[in-house]
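Just remember that my numbering sits 30 ahead of the position in the sequence shown, which is counted from 1. In what follows, a single structure is set out as structure tokens and then discussed.
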Amino acid sequence: MIIKVKQEEVKSVDPDYKGQQFYHEGEKIKLLDGREGIFKGVERRNYPDDDLIIVKLED
Numbered sequence: 031m032i033i034k035v036k037q038e039e040v041k042s043v044d045p046d047y048k049g050q051q052f053y054h055e056g057e058k059i060k061l062l063d064g065r066e067g068i069f070k071g072v073e074r075r076n077y078p079d080d081d082l083i084i085v086k087l088e089d
């Protein structure tokens, strides 16, 4: 299932992630509610803080 979430709902599972870095397509990410998925892209909005992260949830 593909979902769109706000950027602050996503955290990287990469142990070397240092913040303020960009996610890469195919990178495994974790949502704050515990679900894991694959980063698919960003839906750009009018303001950078309004951007949505597109995530493919793992089944």
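For every residue, glycine included, the Cβ atom is placed at its ideal position computed from N, Cα and C.
Asked: Our contact map puts residue 85 next to residue 67 with C-beta atoms below 8 Å; I'd like the distance itself, whole angstroms only.; Found: 4 Å
Asked: Residues in the same chain with beta-carbon distance under 8 Å from residue 56, minus the five sequence neighbours each way, listed in chain order, please.; Found: 68 and 69
Asked: Under the DSSP definition of a beta bridge, which residues are partnered with residue 87?; Found: 67
Asked: Roughly how many whole angstroms lie between the Cα atoms of residue 61 and residue 79?; Found: 17 Å
Asked: Once you ignore the five residues that flank residue 41 on each side, which residues in its own chain have a CB closer than 6 Å to its CB?; Found: 60
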